[in-house]
Amino acid sequence: MKSREIEALKDAATRPGGWGLFKQKTTAKLPELGYFVKEKHPAYGNQFRITDAGRAALAAAEAK
Numbered sequence: 003m004k005s006r007e008i009e010a011l012k013d014a015a016t017r018p019g020g021w022g023l024f025k026q027k028t029t030a031k032l033p034e035l036g037y038f039v040k041e042k043h044p045a046y047g048n049q050f051r052i053t054d055a056g057r058a059a060l061a062a063a064e065a066k
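My numbering numbers the first residue of the sequence shown as 3 and each following residue consecutively.
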């Protein structure tokens with residue numbers, strides 16, 4: 003996993019609700035892997051929210 007992808011997971015994990023407010027182009031494969039799910043954010047519209055699989059991937063990446 004690339005460092006910017008780890009940063010996107012880390013950022014989302016620390017936000018209330020687990021919202022990943024990042025550009026989809028940067029981390030396009032993360033939703034495909036099941037790390038994020040596309041949902042409607044109350045203020046920002048369609049965004050990505052971290053999943054349990056994303057939290058597990060982040061924990062594994064930080065453990066290395």
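All C-beta atoms in this analysis are idealised placements derived from N, C-alpha and C, irrespective of residue type, glycine included. Quick caveat: nothing in here was measured; it's all calculated off a predicted structure.
As DSSP reads the structure, arginine 57 sits in no beta bridge.
Distance from the CA atom of histidine 43 to the CA atom of glutamine 49, rounded to whole angstroms, is 6 Å.
Taking C-beta atoms under 8 Å as the contact rule, leucine 60 and alanine 15 qualify, at a distance of about 6 Å. The C-alpha of tryptophan 21 lies about 4 Å from the C-alpha of arginine 51. With a beta-carbon spacing of about 7 Å, leucine 23 and tyrosine 46 fall inside the 8 Å limit used to define contacts.
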